[in-house]
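Student: Numbering that gives the first Met the number 0 applies: residue 0 is where the sequence shown begins, and numbers increase by one.
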Amino acid sequence: MGRLEMKQPIVTEMLKITPAGRAGTADDIAAAAAWLISEEASFITGVDLRVDGGVVASQRWLMA
Numbered sequence: 000m001g002r003l004e005m006k007q008p009i010v011t012e013m014l015k016i017t018p019a020g021r022a023g024t025a026d027d028i029a030a031a032a033a034w035l036i037s038e039e040a041s042f043i044t045g046v047d048l049r050v051d052g053g054v055v056a057s058q059r060w061l062m063a
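1. Looking at the unbroken alpha helix (DSSP H) that takes in K6, where does it start and where does it end?
2. Is the number of C-beta pairs between the stretch 48 to 55 and the stretch 16 to 24 that are closer than 8 Å three or more?
3. For R68, which residues in the same chain have their Cβ closer than 7 Å to its Cβ, ignoring the five residues on either side in sequence?
4. In this structure, does DSSP put I16 in helix, strand or coil?
5. What number of angstroms, rounded off, separates the C-alpha of L14 from the C-alpha of G1?
Right under this line is the structure:
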């Protein structure tokens, strides 16, 4: 599903405004998951962790 989504023209436009300047990878998600299960994140509970390169935040600024 993700591969099909990446072929959509809107994705190119989204990548232009993404602060990270690139699409995310499986390794990006894995690194976040590894951190969440590590001792460093042992006090974190009940939070949504966006692993999106900043795309959601940048879209909110465009809508304002």
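Every residue, glycine too, gets a C-beta built ideally from N, C-alpha and C.
Tutor: On the basis of the coordinates in this document:
1. Counting along the chain, K6 falls outside any alpha helix (DSSP H), and DSSP gives it neither H nor E.
2. yes
3. Outside the displayed span of the chain (0 to 63) sits residue 68, for which this structure offers no information.
4. helix
5. 15 Å
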